[in-house]
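Residue numbers (our numbering): 103 to 467.
Every residue, glycine too, gets a C-beta built ideally from N, C-alpha and C.
One structure below.
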Ligand code: SF4
């Protein structure tokens, strides 16, 4: 599978990497734990966004033991703003399993790594190659793009035949004993030179070997399947006040933004007003009736697979309301605005919280 004598592609790539590799905080001391944390943070997230989070995380949880002992609230607070919160919850659960099953050391075996929550084939391969020197390719988007261009692969990404071919090409050129550098070199080449929209072929170490460059098809590779339109949802949220406190609800553990705190509410159904949707959602989630007052603000946000427009409203519990019940949340809390920072939240809820902390007036419609 690997090549004992580096191929021309591998030789040029490794020579380029020795000169041009990026300086990244997790490369300073690439312990298995640091590689693991960085690879999880880098999923769906840009390197520049990850840098400060990685530093803060390692200061707060310098070892797997520190992470395993931390509360989920501390873990989610440290992750707040990075998105895809299942990654943080899985890191935390995995750290506890590493303490229980592996004596606090991340296993160096690909299969044992795969058994840990949140570690898929790519992440296991990245850890196995970079931290433990195993000869495996870590097929991320950069590697797939670079090989699709080098060999001018016409079939679309995501198709089984394409994925198999790209993996086979990457494995064929993997130089024995250098998988960590090879994978990182391809990641860096894809990030710095062979970029998605405007590849800088004139500075590329592989330009003499690249079929897409020879055929002038660089910007058409890799080929992609046609995308479905991203759906959009209208969502309303309630700022329910009582005696100087505001109600926060903790989202269920599993699922999107799991374990984070929010202003309760939900999707507006076709034909519903924002206010009627909010009254229905609060009845379904908390078993109480509310009156809906003025609008606090309008917030737009794009998630990976959908977009939302959220309107938040000042609300009051009706005087005859029964006690609140957490029918769909894992916890409820009455909190003063000054205490909001102690409650990890997603981006939109944090924006609402900041507005409430500043005491900005409601919006007039
Ligand atoms: S020559 Fe251009 S298209 Fe080919 S690998 Fe280099 S940057 Fe990418």
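Report the partner residues of residue i according to the DSSP bridge assignment.
i, result
"residue 377", "In the DSSP output, where bridge partners are listed per residue, residue 377 has none listed."
"residue 471", "This structure leaves residue 471 out entirely; the chain is present only between 103 and 467."
"residue 409", "334, 404"
"residue 369", "337"
"residue 95", "Because the chain spans 103 through 467 in this model, residue 95 falls outside it and cannot be assessed."
"residue 399", "414"
"residue 419", "392"
"residue 465", "397"
"residue 171", "Answer by DSSP bridge pairing: none, since residue 171 is not bridged."
Between which residues of its own chain and residue i is the CB-CB distance below 7 Å, once the five residues before and five after are set aside?
i, result
"residue 313", "252, 253, 254"
"residue 257", "263, 264, 325"
"residue 190", "177, 178, 181"
"residue 427", "388, 389"
Tell me the rounded alpha-carbon separation between residue i and residue j.
i, j, result
"residue 447", "residue 113", "47 Å"
"residue 307", "residue 140", "27 Å"
"residue 126", "residue 443", "29 Å"
"residue 248", "residue 277", "17 Å"
"residue 269", "residue 284", "14 Å"
"residue 227", "residue 274", "16 Å"
"residue 175", "residue 108", "48 Å"
"residue 154", "residue 420", "45 Å"
"residue 152", "residue 144", "7 Å"
"residue 454", "residue 399", "8 Å"
"residue 407", "residue 335", "11 Å"
"residue 418", "residue 404", "29 Å"
"residue 244", "residue 118", "16 Å"
"residue 380", "residue 225", "40 Å"
"residue 94", "residue 333", "In the structure as shown, the chain starts at 103 and stops at 467, and residue 94 therefore has no counterpart that could be examined."
"residue 473", "residue 376", "No information on residue 473 is available, as it lies outside the stretch 103 to 467 that the chain covers here."
"residue 424", "residue 346", "20 Å"
"residue 219", "residue 187", "13 Å"
"residue 396", "residue 344", "16 Å"
"residue 250", "residue 259", "9 Å"
"residue 146", "residue 459", "31 Å"
Let's test the definition: count the other Cβ atoms within 10 Å of the Cβ of residue i and tell me whether it reaches 16, buried, or not, exposed.
i, result
"residue 438", "exposed"
"residue 358", "exposed"
"residue 429", "exposed"
"residue 414", "buried"
"residue 194", "buried"
"residue 242", "buried"
"residue 339", "buried"
"residue 462", "exposed"
If I measure Cβ to Cβ from residue i and keep anything under 8 Å in the same chain, skipping five residues before and after, which residues do I get?
i, result
"residue 229", "134, 137, 138, 141, 208, 215, 221"
"residue 475", "Any answer about residue 475 is impossible in this case: the structure gives the chain only from 103 up to 467."
"residue 402", "409, 410, 411, 412"
"residue 449", "183, 185, 403"
Checklist entry - Below 8 Å, can you find three or more Cβ-Cβ pairs linking the region 355-368 to the region 287-296? => result Under the Cβ criterion (8 Å, minimum of three pairs), the region 355-368 does not count as touching the region 287-296.
Checklist entry - Is the region 317-324 touching the region 154-165, taking contact as three or more C-beta pairs under 8 Å? => result no
Next on the checklist: So, does the region 203-222 touch the region 177-185, judging by three or more C-beta pairs under 8 Å?
Outcome noted: These segments do not touch.
Next on the checklist: When you compare the region 333-351 with the region 382-397, are there three or more beta-carbon pairs, one atom per stretch, that lie closer than 8 Å?
Outcome noted: yes
Item to check | Cβ contact check for the region 294-302 and the region 327-341: 3 or more pairs under 8 Å | outcome: no
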